[in-house]
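Residue numbers (our numbering): 2 to 633. Here is the structure we will look at, set down as structure tokens.
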């Protein structure tokens, strides 16, 4: 009798109910390039009779035209749908497929093996309960095999199936299989993976995929499908404390206000007392509303709208928790990060952090260590590049409700987004909140910035001069300060070269050091403005991200960006220090405008065209602007 689903007539409703009651296994296939992941999934779909006649006809036609099996069925074409994938014979994107057997329902994610697309593999692994890691029997355990195994364990996948594929190409050698198994188990132990099943197979020939292979009588374990059908899965999230990240505040009319989201863990019923985090306010559940009517109980993975007995402030990104077992709240964490961006990660640079339904600005602090995926050694590093993994600190602009990823995937994970391109550049997992976050509190003082400004008879402000080296920033800033000083204003000029003699003398000129350079001077300028001063900052500050960070830290009303616009050719003519000449000769690395980029401001408050305006006239124009806008 076939293990796969066949409907031969009868009670349709009973048949559908039986299918609905089956449990579901979400799994991922991963491994190195050309290990046979797509072929394996194609074989499973084909053998489970989940292909319609037109799909089978298309597969036969595509196999003759595009296949790599000499006209025979090329099962990889069932999931390699992108034109680029078919042309190159590799998987690029994540392809999801569903199929059913008599015992269980499945959703499988076919993920790319190429190192360039590791980020896509991590996306597929983020929702999986089991991973099938394919190894080409001819090649053995490779770097990408180790990387994918490590990522799977990081993402909480505890059940691993190692499919040593293409055994037909090594004459079904038992010695080859056992050597690969020993090598893999030794590595898996080093990353804490213990629940491992290793199966010798040939996805193309069908050996040990559905039925036991007569060509490997020495293997006595389960076939791949038999294992997938019987492996225990499913973490009972109902036993965990109740958590619901609020995705939407539903207000269709003045008589209804509910908080919609998907239950991440625990159960809830009318009458339960919930706490809203991070605010800490409490109320009682009135109703649990769904499209099909009210529920008596809400369980994990259900999309519901909860109404409360009291009119309390709840917003998107808040988390509804069981009042007796609330989640933790913090704004600083130790995290593990997988970097997915083509541009390197720069500690101190602000990124958009999306944690659950909450979107907030945050920065990644200096790296604690980077992980060598070959040896699992902890390596010192200052930045991260594509596909690298590290442990570091994460600092957010506001506190969020969270749980360690090992306890709750929904509340313990986040993605990192570039603020200018909106590209996802990383993903992270929360280990724990840093103690300093709970031990340090803001101390309120009675004398504030406004009272200090009144005493000095001026409004605090930060004039941020940016431009290429040699543009004239320091010259103009110095003239502006002299004019303000002559008018009786208390000022201070922070010059880039001067600051590097003291506060920032430990920093070089790498991108990471430039970010830290601007972060430090931003905090100094903010403190001086808080003291009531008019602060003039003259720094190249080449990156828009850091200038935006400075604006946000200081405040739009007090931050004035002055773009001293000079062409590169003109700046080189004024090169009294000889820096451009050294950079052209390769003696100065990471020099802005030559070997490091300058990102010109897009909407500065003031733009000074030094080809048309003298430094003295520029200084007068700036002071006039400050008076006209009420800042003096």
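Using N, Cα and C, we set each Cβ at its ideal position, and we do this for glycine too. As the structure is a prediction and not an experimental result, all values here were calculated from the model.
Inter-residue spacing [alpha-carbon to alpha-carbon] between residue i and residue j
i: residue 128; j: residue 246; result: 17 Å
i: residue 390; j: residue 406; result: 16 Å
i: residue 257; j: residue 429; result: 37 Å
i: residue 171; j: residue 135; result: 15 Å
i: residue 271; j: residue 253; result: 21 Å
i: residue 209; j: residue 227; result: 9 Å
i: residue 37; j: residue 352; result: 37 Å
i: residue 629; j: residue 560; result: 15 Å
i: residue 39; j: residue 346; result: 32 Å
i: residue 487; j: residue 583; result: 39 Å
i: residue 550; j: residue 602; result: 13 Å
i: residue 617; j: residue 481; result: 9 Å
i: residue 621; j: residue 244; result: 59 Å
i: residue 373; j: residue 382; result: 11 Å
i: residue 1; j: residue 520; result: Any property of residue 1 remains undetermined from this structure, which presents the chain solely from 2 to 633.
i: residue 166; j: residue 96; result: 20 Å
i: residue 369; j: residue 34; result: 31 Å
i: residue 326; j: residue 445; result: 31 Å
i: residue 290; j: residue 298; result: 10 Å
i: residue 101; j: residue 47; result: 12 Å
i: residue 586; j: residue 380; result: 33 Å
For residue i, the residue or residues it bridges with in DSSP
i: residue 359; result: 356
i: residue 467; result: 564
i: residue 610; result: 566
i: residue 371; result: 380, 391
i: residue 284; result: 275
i: residue 107; result: 26, 100
i: residue 160; result: 131, 196
i: residue 589; result: In DSSP, residue 589 forms no bridge with anything.
i: residue 201; result: 165
i: residue 316; result: The partner list for residue 316 (beta bridge, DSSP) is empty, contrary to what the question assumes.
i: residue 249; result: 261
i: residue 340; result: 427
i: residue 300; result: DSSP, once it has assigned bridges, lists no residue as partnering residue 300.
i: residue 351; result: 364
i: residue 290; result: 295, 306
i: residue 31; result: 134
Option nearest residue i by Cα separation, candidates the options
i: residue 420; options: 485, 360, 526; result: 360
i: residue 465; options: 457, 475, 456, 221; result: 475
i: residue 384; options: 182, 403, 348; result: 348
i: residue 433; options: 624, 404, 418; result: 404
i: residue 604; options: 631, 555, 562, 567; result: 562
i: residue 155; options: 132, 137, 187; result: 132
i: residue 375; options: 187, 244, 330; result: 187
i: residue 103; options: 229, 173, 139; result: 229
i: residue 387; options: 369, 298, 27, 121; result: 121
i: residue 320; options: 379, 368, 249; result: 249
i: residue 45; options: 110, 34, 33, 173; result: 110
i: residue 32; options: 145, 286, 107, 300; result: 145
i: residue 364; options: 378, 408, 415; result: 415
i: residue 378; options: 596, 191, 431, 176; result: 191
i: residue 189; options: 150, 371, 202, 27; result: 150
i: residue 23; options: 98, 43, 447, 106; result: 106
i: residue 425; options: 492, 454, 340; result: 340
Beta-carbon spacing of residue i, residue j below 7 Å
i: residue 200; j: residue 125; result: no
i: residue 338; j: residue 427; result: yes
i: residue 162; j: residue 185; result: no
i: residue 265; j: residue 306; result: no
i: residue 304; j: residue 263; result: yes
i: residue 278; j: residue 328; result: yes
i: residue 336; j: residue 395; result: yes
i: residue 478; j: residue 494; result: yes
i: residue 400; j: residue 451; result: no
i: residue 281; j: residue 242; result: no
i: residue 123; j: residue 152; result: yes
i: residue 554; j: residue 527; result: yes
i: residue 41; j: residue 206; result: no
i: residue 330; j: residue 402; result: yes
Distance cut-off 6 Å: residue i Cβ against heavy atoms of the ligand NAD
i: residue 607; result: As for the ligand NAD, it is missing from this structure, which has no ligand bound.
With three or more C-beta pairs closer than 8 Å as the rule, is the segment 494-510 touching the segment 608-623? Between the segment 608-623 and the segment 494-510, the count of C-beta pairs closer than 8 Å stays below three; the two stretches do not touch.
_Tell me whether the segment 509-528 and the segment 591-601 touch, counting them as touching only if at least three CB pairs, one residue from each stretch, are closer than 8 Å._
The segment 509-528 makes contact with the segment 591-601, as at least three CB pairs between them are under 8 Å.
Original post:
Is the segment 187-197 close to the segment 234-244, with three or more CB pairs under 8 Å?
Top reply: No: the two stretches stay apart, fewer than three of their Cβ pairs being nearer than 8 Å.
Taking 8 Å as the threshold, find out whether the segment 536-546 comes into contact with the segment 467-475 through three or more Cβ pairs.
The segment 536-546 is in contact with the segment 467-475.
I'd like to know if the segment 352-359 and the segment 291-310 are in contact, where contact means that at least 3 CB-CB pairs between them fall below 8 Å. Output reads no: the segment 291-310 does not touch the segment 352-359.
(Q) Any contact between the segment 451-461 and the segment 524-540? By contact I mean 3 or more CB pairs, one from each, below 8 Å. (A) Yes, the segment 451-461 is in contact with the segment 524-540.
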